[in-house]
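Q: For the sequence shown, position 37 matches number 194 in our numbering, and the numbering has no gaps at all.
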Amino acid sequence: AKETIISPSLLSCDFSRLADELKALEEAGLKWAHLDVMDGKFVPNITFGPPVIKSMRKECNLFFDCHLMIEQPERYIDEFCDAGADLLCIHAESTVHLERAVAAIAEKGVKPAIALNPATPLESIKYLIPQLHMVLIMSVNPGFGGQKYIPFCTQKVRDLRAMIDEMGADTLIQLDGGVTMENCRELVEAGADVLVSGSAFFKYPPYAERHKLFLETCAG
Ligand code: DX5
Ligand code: ZN
Numbered sequence: 158a159k160e161t162i163i164s165p166s167l168l169s170c171d172f173s174r175l176a177d178e179l180k181a182l183e184e185a186g187l188k189w190a191h192l193d194v195m196d197g198k199f200v201p202n203i204t205f206g207p208p209v210i211k212s213m214r215k216e217c218n219l220f221f222d223c224h225l226m227i228e229q230p231e232r233y234i235d236e237f238c239d240a241g242a243d244l245l246c247i248h249a250e251s252t253v254h255l256e257r258a259v260a261a262i263a264e265k266g267v268k269p270a271i272a273l274n275p276a277t278p279l280e281s282i283k284y285l286i287p288q289l290h291m292v293l294i295m296s297v298n299p300g301f302g303g304q305k306y307i308p309f310c311t312q313k314v315r316d317l318r319a320m321i322d323e324m325g326a327d328t329l330i331q332l333d334g335g336v337t338m339e340n341c342r343e344l345v346e347a348g349a350d351v352l353v354s355g356s357a358f359f360k361y362p363p364y365a366e367r368h369k370l371f372l373e374t375c376a377g
């Protein structure tokens with residue numbers, strides 16, 4: 158079986174020490190960093206945008222997994238790509254012209270992904286799957302770290318796994334929200350390839366140990 162990717166969500170770290178945290182993740186052997194962009198409109202919280210990502214880009218070579226929780230993300234695709242995103246994930250609920258936005262991301266040479274809120278059906282992105290590097294299943298209502306996992310999302314991951322396999326696509330499945338040491342194995346068994354972890358990761362340094370424990374727990 159292929160190894161699960163852990164993508165630590167920087168939302169749970171101290172924003173005044175972003176450069177140190179990125180270096181610490183890299184030294185601990187992590188490959189991905191999950192960057193949560195919030196606009197105070199699509200979600201009731203505000204974080205950071207392209208200028209901060211551009212500054213972070215200079216500090217590490219981690220794969221920047223950028224999760225945009227903003228209205229009409231098509232307005233900012235070029236800026237996020239130019240700031241140094243490796244993958245740009247936009248919400249299906251945030252734009253009317255999803256296919257056009259996905260194509261614009263790919264056009265910039267960045268990996269396109271789509272996120273779905275817990276209640277949004279998989280059908281809404283079915284025909285886009287062959288164009289997507291990844292689908293993000295939100296397992297909390299987006300906006301804040303440290304929330305409780307919504308149980309029906311496990312079945313949603315299973316259904317998406319079946320859909321992707323049936324199409325013969327190699328699209329990754331990411332799960333974001335309320336991932337813990339207690340539920341990570343079940344989520345990987347359901348078909349998740351990438352697990353985002355904020356509070357369950359950053360609260361428990363050293364990061365190399367935490368990463369190792371997550372991988373061992375996921376593998377069973
Ligand atoms: C929530 C964000 C998540 C969040 C996850 O809106 O998209 O990435 O940081 O945090 P935890 O792992 O604490 O639920
Ligand atoms: Zn996120």
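All residues carry an ideal CB built from backbone N, CA and C; glycine is no exception.
Using the Cβ count rule (16 or more neighbours within 10 Å means buried), how would you classify A176?
A: By the neighbour-count rule (16 or more Cβ atoms within 10 Å), A176 is not buried but exposed.
Q: Would a C-beta distance cut-off of 8 Å place S166 and G355 closer than the cut-off?
A: It is a contact, given that the beta carbons lie within the stated cut-off.
Q: Beta-carbon separation of F359 and C170 under 8 Å?
A: The answer is yes: Cβ separation under 8 Å.
Q: From the DSSP output, in three-state form, read off C223 for me.
A: In the structure shown, C223 sits in a strand (DSSP, three-state: E or B).
Q: Tell me whether V353, by its Cβ, gets closer than 7 Å to a heavy atom of ligand 1.
A: Because some heavy atom of ligand 1 lies under 7 Å away, the Cβ of V353 counts as near it: yes.
Q: Within a Cβ cutoff of 7 Å, which residues of the same chain sit near H368, ignoring the five residues on either side of it in sequence?
A: Correct list, in chain order: I163, A185, G186 and L187.
Q: Please classify N218 as buried or exposed, where buried requires at least 16 neighbouring CB atoms within 10 angstroms.
A: Exposed: under 16 other Cβ atoms inside 10 Å.
Q: Reducing DSSP to helix, strand and coil, say where S296 ends up.
A: Correct three-state label for S296: coil.
Q: What distance in whole Å lies between the Cβ atoms of V297 and A347, which are believed to be in contact at a cut-off of 8 Å?
A: 16 Å between Cβ atoms; not a contact.
Q: Using the rule of at least 16 other Cβ atoms within 10 Å of the residue's Cβ for burial, across every protein chain shown, is A376 buried or exposed?
A: So A376 counts as exposed.
Q: Residues in the same chain with beta-carbon distance under 8 Å from L182, minus the five sequence neighbours each way, listed in chain order, please.
A: Cβ neighbours of L182 beyond the five flanking positions: P165, A190, C217, L219 and Y364.
Q: Taking L285 as the reference, which of F172, D350 and M324 has the closest Cα?
A: It is M324 whose Cα lies nearest to the Cα of L285.
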